[in-house]
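Visitor: Please see the structure below; I have some questions.
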């Protein structure tokens, strides 16, 4: 796939990941393995709000095609087939969830040096159509996305934005929720944090005049240990520590606190990912 402005869904992704990725209030164990034939097996067990769930998945990659099959505890089977470069700079993704035969989806991504496009169509009688476009370069890009409901003939959503990317920083502005909200984000990598970064995100919802400011950072203690923390203007504080127990195996402990209501019980999450 060629490099260019990237997909619209990638606008502000680095900042969003630093503020949200790996934070959890649940308990989860993931065990992964792979065989010489190229089949990767993954098993997940999670406890969310006192309810247990799990899944077992297998992934096989051959040349430019990849098949992913997942069996969930609810007896659902999720199958995803992706083919890269079946046409130049194009990727196709087909997915279906059984027994819900109307849950299928077909998506096509096109990445060019100066533009990208995605289109997705639900495989049911009255499908929703998702599409996005981005124009620019790896340094600056403009884009938009929308969802059209064929049954009602209306747009369920439309967002637009701009993304700026430099080797040591990135910024984005997203006008979302049909123009009802706007979100600014800025991330900067800092050598002082030994590979860590700082991030700030400000969002405003015009219909309610609600403003949210969130700041966060990551700090690399050593090659095996990562610390992250975030705080918003509503007093919500989050922190996590992630340690690599062995190559590609991680233990992540996270917590969330309401600094304006310390009498409430803090939330803690634990995730263990093992890859023997």
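Residue numbers (our numbering): 31 to 306. We put the CB at the ideal spot given by N, CA and C, even for glycine. All figures in this text were calculated on a predicted structure; none of them were measured in a lab.
1) Return the residue from the list 67, 84, 280, 152 that minimises the CA-CA distance to residue 255.
2) Have a look at 306, 286, 86 and flag the residue whose alpha-carbon is nearest the alpha-carbon of residue 50.
3) So that I know if they touch, is there some Cβ in chain B lying closer than 8 Å to that of residue 259?
4) Who are the Cβ neighbours of residue 126 in its own chain at under 6 Å, not counting the five residues just before and after it?
5) Thinking residue 36 and residue 215 are a contact (beta carbons under 8 Å), I'd like their distance in whole angstroms, please.
6) Find the nearest neighbour of residue 171 within the set 143, 156, 158, judged by alpha-carbon distance.
7) Provide the residue span of the beta strand (DSSP E) that contains residue 77, from first to last.
8) Suppose you measure from the CA of residue 196 to the CA of residue 211; what does that come to, to the nearest Å?
9) Determine the burial state of residue 295: buried for a count of at least 16 other Cβ atoms within 10 Å of its Cβ, exposed for fewer.
10) Does the Cβ-Cβ distance between residue 217 and residue 227 come in under 8 Å?
11) Quick one: give me the first and last residue of the alpha helix (DSSP H) that residue 49 is part of.
12) What are the boundary residues of the beta strand (DSSP E) that residue 252 is part of?
13) Determine the direct distance from the alpha carbon of residue 102 to that of residue 40, and round the result to whole angstroms.
14) Count the other CB atoms, across all protein chains shown, that sit within 10 Å of the CB of residue 293; report buried if there are 16 or more and exposed otherwise.
15) Could you check whether residue 189 and residue 201 sit closer than 8 Å to each other, using their CB atoms as the reference points?
16) Would you report the Cα separation of residue 288 and residue 80, rounded to the nearest angstrom?
17) Can the beta-carbon of residue 258 be found less than 8 Å from the beta-carbon of residue 270?
18) How should residue 173 be labelled, buried or exposed, when 16 other C-beta atoms within 10 angstroms of its C-beta is the threshold for buried?
19) Can you list, in chain order, the residues of its chain with a C-beta nearer than 7 Å to that of residue 251? Leave out the 5 residues immediately preceding and following it.
20) Closer than 6 Å by C-beta to residue 139: which residues in its own chain qualify, once you throw out the five before and the five after it? Chain order, please.
21) Within its chain, find whatever has a CB closer than 6 Å to the CB of residue 193; leave out the 5 residues flanking it on each side and keep chain order.
22) When the Cα atoms are used, what is the spatial distance from residue 224 to residue 48?
Guide: In terms of the structure at hand:
1) 280
2) 286
3) The structure shown contains no chain B; it holds only a single protein chain.
4) 109, 134
5) The pair is not a contact, with the Cβ atoms about 15 Å apart (cut-off 8 Å).
6) 143
7) First-last of the beta strand (DSSP E) with residue 77: 69 to 78.
8) 26 Å
9) exposed
10) yes
11) 43 to 50
12) 240 to 252
13) 28 Å
14) Result: exposed.
15) no
16) Residue 80 has its alpha-carbon roughly 21 Å from the corresponding atom of residue 288.
17) yes
18) buried
19) 257
20) So the list reads 121, 148, once near-sequence residues are dropped.
21) 41, 171, 202
22) 15 Å
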